[in-house]
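What follows is one structure encoded as structure tokens, with my remarks underneath.
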Amino acid sequence: MNKNPVFVGLQNYKTVLTDEVFIISLKNTLYFTIMSMIFHLFLGLSFALMLNSRVVNPIVISILRALYILPWMFTPAIVAILWRLLLSPNGVINYFLQALKIIDSYIAWFSSFSLAIHALTFVNIWAGYPFYMVSILAGLQGIPETLYEAAAIDGANEAQKFLYITIPQLLPIIISIEMLDFIWTMQVFPIVWMTTGGGPGHATEMLSTYTYKLAFSTYKFSLASASGVIILLLSMSVAFFFVRHQKARE
Amino acid sequence: MSSKLIKHKRIIIIIIHAGLLIGLVYAGFPILWMLFSSLKSNTEIFSLPPKLLPEVFTLKAYRAVFSSPMKVRFFLNSYLVATLVTLLTVLVAILAGYSFSRYSFKFKKPLTFFIISTQMVPLITLLIPYFGLVVAFKMYDTYFALIFTYMVFTLPYAILMMTAYFNTLPKELDEAVMVDGGSTFYVLWKVLVPLSVPGIIATGVYTFLLAWNEFLFALTLTKSTEMRTVPIGIHLLMGQHAYEWNEMMTMSILGSLPILIMFLVAQRYFLAGMTAGSVKI
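Protein sequence lines correspond, in order, to chains X and G. Residue 1 is where the first sequence starts when you use this note's numbering, and the numbers rise one by one after that. Residue 1001 is where the second sequence starts when you use this note's numbering, and the numbers rise one by one after that.
Here is the structure:
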């Protein structure tokens, strides 16, 4: 370490913010995060509603619920290696996609410039939706039955009940989990590091891998710190609203 | 009910069943593939056409993992670090939660706010200053490095969870015991803690999960193979070998075991711990 540090003002921030790779990482991170948030909500809400519908045997439901939570039980490192096996060029997913004539030839998902980011997002969606499902299920069970009974008396159909009771009642929970998901997904590291490592090139470079490489591959700790603070500010801006939202719920 | 409505209802029921089945394949297939790959020989994993069930069940991969001192060491390290982090975190969280719940003191509000906001700091931001600190304190490549840094991000929520749990227990209870001559510590350890077992379990599960799953700090703050935890071990093995996929899947199954067991044994506390933050518990 340097014994005679020099104060450089905001120079490091300027260097990072004008770095082409930083801009790519920011774009990738936002795409990865926002797509994850959308599909997590879609899958989590769909699964929760299906599990909460009373048309299936309750024992079957409780078994299915436990099985649907499973992807969440696995450490990100394990999720990464599992999907490297499944998505490997001679892996089982390529086999099925080709058998179903969806693709012509085997694809190396994690080393394709155009597809790696989508493959990575897909993996993250798979690993993360159970959090939404469990939270939304808890929310659904907290909606008072009397609201639905009153709506039924007023002649509301299922779609109206869903739109005017279920969704508004769930909204505070949905807002909370989306904000937490943003903060968590934005800093995702192991899944990226163990599948693509940010590559090929910088096709899947994320803010976290960009910062990590600055610090531990090129040893530019000052630039890495600046980049780390930028990530902090991004997540703090959401965290600020999260804390306000939680306070309002109390 | 008119026949049209009945037909309509039938269609919805069919859609729900179909959806549940699709969900089952989506969630379950990758995991079954992991499980059965760990029971196959390495060549059979890539046999064409692929088969889910192994033709010959073999525990070879499990034997290989258990007979490798290095791989066993990864597991021991993970258990050691996660257990110590959990015990220490729960201990500190009980003490801190007790004071937050029962006493009023200067700067209590800003301190609570500070604790909440530390949770939101991304790990990658913390990594660089902690790396510097760990090196400066000569803790690099030791268990202490992992235990102390993990507690930085396990403690905030653990404290909030324990405070919230103690808040549900009436203050009159403490007062009644104190009138009978019980000391503060007596109240905490003999009265409040036994009553808070569900909260303590949820806090412990939450902490254990964070410590067990951690990747970034374990990757950066340790260097020698003897210090590596399971996630990093898997990462290293993947880089080194011409992939022994059956062994990698075995490591994955074994590495998920403590979490799966906690989930099966204490599902309610587990979910309370895991969803902490989104749903009020």
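All residues carry an ideal CB built from backbone N, CA and C; glycine is no exception.
Distance, residue 65 (chain X) Cα to residue 251 (chain X) Cα | Residue 251 (chain X) falls outside the range modelled here, since chain X spans only 1 to 250, and no answer is possible.
Out of curiosity, what's the CA-to-CA distance linking residue 1244 (chain G) and residue 81 (chain X)?
-> Taking the second sequence and counting its residues from 1, the one referred to as residue 1244 (chain G) is at position 244. Taking the first sequence and counting its residues from 1, the one referred to as residue 81 (chain X) is at position 81. Those two C-alpha atoms are separated by around 12 Å.
On the premise that residue 1218 (chain G) lies in contact with residue 1146 (chain G), defined as a C-beta separation below 8 Å, what is that separation, rounded to the nearest angstrom?
-> Counting from 1 along the second sequence, the entry for residue 1146 (chain G) is found at position 146. Counting from 1 along the second sequence, the entry for residue 1218 (chain G) is found at position 218. Correct: roughly 6 Å between the Cβ atoms.
Taking Cβ positions only, does residue 1046 (chain G) come closer than 8 Å to chain X?
-> In the second sequence, residue 1046 (chain G) corresponds to position 46, counting from 1. Closer than 8 Å to some Cβ of chain X, the Cβ of residue 1046 (chain G) qualifies, so yes.
Going along the chain, which residues of the region 1022-1044 of chain G sit with their C-beta nearer than 8 Å to a C-beta in chain X?
-> 1023, 1024, 1026, 1027, 1028, 1030, 1031, 1033, 1034 and 1037
Return helix, strand or coil for residue 1139 (chain G), following the three-state DSSP convention.
-> As a position in the second sequence, residue 1139 (chain G) is number 139, starting the count at 1. Coil, per DSSP.
Distance, Cα to Cα, residue 1004 (chain G) vs residue 1010 (chain G)?
-> The count along the second sequence starts at 1 and reaches residue 1004 (chain G) at position 4. The count along the second sequence starts at 1 and reaches residue 1010 (chain G) at position 10. Their Cα atoms are separated by approximately 10 Å.
Report yes or no: do the region 1194-1205 of chain G and the region 1262-1272 of chain G share at least 3 C-beta pairs separated by less than 8 Å?
-> Enough Cβ pairs lie closer than 8 Å, so yes.
Find the nearest neighbour of residue 1039 (chain G) within the set G:1062, G:1156, G:1086 and G:1014, judged by alpha-carbon distance.
-> Taking the second sequence and counting its residues from 1, the one referred to as residue 1039 (chain G) is at position 39. Cα-wise, what sits closest to residue 1039 (chain G) is G:1062.
Using a Cβ cut-off of 7 Å, pull out every chain G residue sitting near residue 237 (chain X), in sequence order please.
-> For the purposes of this step, residue 237 (chain X) is identified with residue 237 of the first sequence, where counting begins at 1. Neighbours of residue 237 (chain X) on chain G: none; closest Cβ ~10 Å, over 7 Å.
Got a sec? Which residues, its chain only, sit under 6 Å from residue 169 (chain X) by beta carbon, not counting five neighbours each side?
-> The residue given as residue 169 (chain X) occupies position 169 in the first sequence. Excluding residues within five positions, the ones whose Cβ falls inside 6 Å are 143.
Could you tell me how far apart the beta carbons of residue 1122 (chain G) and residue 36 (chain X) are, in whole angstroms, since I believe they sit closer than 8 Å?
-> Numbered from 1 along the second sequence, position 122 holds the residue referred to as residue 1122 (chain G). Numbered from 1 along the first sequence, position 36 holds the residue referred to as residue 36 (chain X). Not confirmed; about 16 Å, so no contact.
Mind pulling the chain X residues with CB within less than 7 Å of residue 1252 (chain G)?
-> As a first step, residue 1252 (chain G) is located in the second sequence; it is residue number 252 there, counting from the start. What residue 1252 (chain G) touches in chain X: 78, 81 and 82.
Under 7 Å Cβ-Cβ, which residues of chain X neighbour residue 1282 (chain G)?
-> Any property of residue 1282 (chain G) remains undetermined from this structure, which presents chain G solely from 1001 to 1281.
Give the straight-line distance between the Cα atoms of residue 63 (chain X) and residue 1053 (chain G), rounded to the nearest whole angstrom.
-> The residue labelled residue 63 (chain X) in the question sits at position 63 within the first sequence. The residue labelled residue 1053 (chain G) in the question sits at position 53 within the second sequence. C-alpha separation (whole angstroms): 22 Å.
Chain X within 8 Å of residue 1204 (chain G), Cβ atoms only = Here residue 1204 (chain G) refers to the residue found at position 204 when the second sequence is read from its first residue. At a cut-off of 8 Å between beta-carbon atoms, residue 1204 (chain G) makes no contact with chain X.
Can you give the Cα-Cα distance for residue 1033 (chain G) and residue 151 (chain X), rounded to whole angstroms?
-> Counted from its first residue, the second sequence places residue 1033 (chain G) at position 33. Counted from its first residue, the first sequence places residue 151 (chain X) at position 151. Rounded to whole angstroms, residue 1033 (chain G) to residue 151 (chain X) spans 46 Å at the Cα level.
Can you give me, in chain order, the residues of the region 42-68 of chain X that have a beta carbon less than 9 Å from any beta carbon in chain G?
-> Cβ proximity to chain G below 9 Å picks out 43, 46, 47, 49, 50, 51, 53, 55, 56, 60, 61, 64, 66, 67 and 68 from the region 42-68 of chain X.
Among residues of its own chain, excluding the 5 on either side of residue 224 (chain X), which ones have a beta-carbon nearer than 7 Å to its beta-carbon?
-> The sequence position of residue 224 (chain X) within the first sequence is 224, counting from 1. So the qualifying residues of the chain are 211, 214 and 215.
Check whether the Cβ atoms of residue 1222 (chain G) and residue 1228 (chain G) sit closer than 8 Å, and answer yes or no.
-> Residue 1222 (chain G) sits at position 222 when you count from the first residue of the second sequence. Residue 1228 (chain G) sits at position 228 when you count from the first residue of the second sequence. Yes.
DSSP on residue 1048 (chain G), reduced to helix/strand/coil?
-> Translated into the one-based positions of the second sequence, residue 1048 (chain G) becomes position 48. Coil, per DSSP.
Determine, using beta-carbon pairs with one atom in the region 81-93 of chain X and one in the region 1021-1037 of chain G, whether at least three such pairs fall under 8 Å.
-> The way I'd put it, the region 81-93 of chain X does touch the region 1021-1037 of chain G; three or more beta-carbon pairs between them come closer than 8 Å.
Name the residues in the region 208-230 of chain X whose C-beta lies less than 7 Å from a C-beta of chain G; which are they?
-> 208, 211, 212, 215, 216, 221, 224, 225, 228 and 229
Hey, is residue 164 (chain X)'s beta-carbon within less than 8 Å of any beta-carbon in chain G?
-> To locate residue 164 (chain X), count along the first sequence from 1; it is residue 164. For residue 164 (chain X), the answer is no, since every Cβ of chain G falls outside 8 Å of its Cβ.
Among G:1135, G:1083, G:1047 and G:1190, the one whose alpha carbon lies nearest that of residue 1177 (chain G) | The residue labelled residue 1177 (chain G) in the question sits at position 177 within the second sequence. Residue G:1190 is the option with its Cα nearest to residue 1177 (chain G).
Interface positions of the region 1121-1149 of chain G facing chain X (Cβ-Cβ less than 7 Å), listed along the chain = 1121, 1122, 1123, 1124, 1125 and 1128
CB-CB under 8 Å to residue 1186 (chain G), same chain, minus the five flanking residues each way: which ones, in chain order?
-> Residue numbering aside, residue 1186 (chain G) sits at position 186 when the second sequence is read from its first letter. 1177.
Do you know offhand how far residue 77 (chain X)'s Cα is from residue 1182 (chain G)'s?
-> Locating residue 77 (chain X) in the first sequence gives position 77, counting from the first residue. Locating residue 1182 (chain G) in the second sequence gives position 182, counting from the first residue. Whole-angstrom Cα-Cα distance: 49 Å.
Would you mind telling me which residues of chain G sit closer than 8 Å to residue 95 (chain X), beta carbon to beta carbon, in chain order?
-> Taking the first sequence and counting its residues from 1, the one referred to as residue 95 (chain X) is at position 95. Result: 1048, 1049 and 1050.
What residues in the region 1179-1194 of chain G have a beta carbon less than 7 Å from any beta carbon of chain X?
-> none
Test item: CB-CB of residue 1164 (chain G) and residue 1085 (chain G) under 8 Å | Within the second sequence, the letter at position 164 stands for residue 1164 (chain G). Within the second sequence, the letter at position 85 stands for residue 1085 (chain G). Contact: no.
Between residue 228 (chain X) and residue 83 (chain X), what straight-line distance do the alpha-carbon atoms span, to the nearest angstrom?
-> Within the first sequence, numbered from 1, the residue matching residue 228 (chain X) stands at position 228. Within the first sequence, numbered from 1, the residue matching residue 83 (chain X) stands at position 83. C-alpha separation (whole angstroms): 28 Å.
Give a yes or no on whether the minimum CB-CB distance between residue 120 (chain X) and chain G is below 8 Å.
-> Here residue 120 (chain X) refers to the residue found at position 120 of the first sequence. No, because no Cβ of chain G sits closer than 8 Å to the Cβ of residue 120 (chain X).
Residues in the region 1216-1231 of chain G with C-beta within 7 Å of chain X's C-beta atoms, listed in sequence order?
-> 1216, 1220 and 1231
Under the assumption that residue 1188 (chain G) contacts residue 1093 (chain G) (Cβ atoms under 8 Å), give the Cβ distance between them as a whole number of angstroms.
-> Taking the first residue of the second sequence as 1, we reach residue 1188 (chain G) at position 188. Taking the first residue of the second sequence as 1, we reach residue 1093 (chain G) at position 93. Actually they are not in contact, since the Cβ atoms of residue 1188 (chain G) and residue 1093 (chain G) sit about 12 Å apart, beyond 8 Å.
Does the beta-carbon distance from residue 126 (chain X) to residue 116 (chain X) come in below 8 Å?
-> Taking the first sequence and counting its residues from 1, the one referred to as residue 126 (chain X) is at position 126. Taking the first sequence and counting its residues from 1, the one referred to as residue 116 (chain X) is at position 116. No; because the gap between Cβ atoms is not below 8 Å, this pair is not in contact.
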